[in-house]
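Colleague: Attaching a single structure in structure tokens format; questions to follow.
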Amino acid sequence: MQPTAVPSNDGSDIALLPGQVSGVFTTARPTFGAAVDDFLNRRPVYEQPLEFPHNIHVGKEIACEVCHEGVDKGPKAGIPGLRTCMICHEAIATDRPRIQQITAMRDKGLDLAWQRVYGFSNDDHVRFNHAPHIRNKVECATCHGNVGEQTIAQRNVEHTMGFCVNCHNERKASIDCLTCHF
């Protein structure tokens with residue numbers, strides 16, 4: 006089967022196999038429903054265990070990597086658990102209801118069940134590593150938007166291939182397929 010080149014919305018050509026009527030349903034989307042959700046830009050609303058005031062922490066100029074430990078060393082930005090929160094909040098703002106709530110959770114041996122809002126599944130065939138982005142001084146907001154305006158973590162930026170390739174082109178970073186795909 007020979008693919009046919011068909012122009013896409015951005016002017017580039019996409020390859021369609023015989024009988025394939027849309028570039029939306031590809032192996033990058035494991036089901037037709039996932040392709041429809043992607044095409045219609047429908048995203049899940051994440052239920053977080055409690056509000057988190059990013060704005061307070063950003064306003065105090067606390068760097069993202071203080072709480073998101075390991076972001077500069079490996080592929081994933083750690084999602085802070087209560088242990089991380091209590092490093093500061095054992096002594097800071099202990100009179101605030103939210104801090105009292107997390108202190109009580111810690112005292113009961115519980116942790117925060119944060120929902121990860123960014124990331125790639127194995128079906129995406131994408132390998133992403135935060136560390137080189139941090140080393141190259143890519144601001145967190147480039148990929149995560151202005152989280153300082155959020156109290157509930159939600160996805161602000163869609164990490165499409167075009168989004169990433171545009172940024173790589175602007176920064177003269179590699180756009181070789183194997184840089185990101187496996």
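Under our numbering, the first residue of the sequence shown carries the number 6, and numbering increases by one thereafter.
From the three backbone atoms N, C-alpha and C, an ideal C-beta is built for every residue, glycine too.
Source: prediction; values computed, not measured.
(1) Going by beta carbon distance, what residues of the same chain come within less than 6 Å of Thr156, once the five residues before and after it are set aside?
(2) Under three-state DSSP, which class holds His130?
(3) Name the DSSP beta bridge partners of His186, please?
(4) Touch check for the region 168-176 and the region 110-128: three-plus C-beta pairs under 8 Å?
(5) Whose CA, out of Pro80, Cys145, Asn60 and Cys69, lies closest to the CA of Phe125?
(6) Using only the alpha-carbon positions, how far apart do Lys65 and Asp181 sit?
(7) Which term fits His186, buried or exposed, when burial requires 16 or more other beta carbons within 10 angstroms of its beta carbon?
(8) With Val131 and Tyr51 assumed to form a contact (beta carbons below 8 Å), what rounded beta-carbon distance in angstroms separates them?
Modeller: On the basis of the coordinates in this document:
(1) As a first step, residue 156 must be located in the sequence shown, where it is residue number 151. Same-chain partners within the cutoff: Glu56 and Pro58.
(2) As a position in the sequence shown, residue 130 is number 125, starting the count at 1. Correct three-state label for His130: coil.
(3) One-based indexing of the sequence shown puts residue 186 at position 181. Val131, per the DSSP bridge assignment.
(4) no
(5) In the sequence shown, the residue the question calls residue 125 occupies position 120. Among Pro80, Cys145, Asn60 and Cys69, the Cα nearest to that of Phe125 is on Pro80.
(6) As a first step, residue 65 is located in the sequence shown; it is residue number 60 there, counting from the start. As a first step, residue 181 is located in the sequence shown; it is residue number 176 there, counting from the start. Approximately 39 Å, taken between the alpha carbons.
(7) Within the sequence shown, numbered from 1, the residue matching residue 186 stands at position 181. By the neighbour-count rule (16 or more Cβ atoms within 10 Å), His186 is not buried but exposed.
(8) Stepping through the sequence shown from its first residue, residue 131 is reached at position 126. Stepping through the sequence shown from its first residue, residue 51 is reached at position 46. With 8 Å as the limit, Val131 and Tyr51 do not qualify as a contact, their Cβ atoms being about 20 Å apart.
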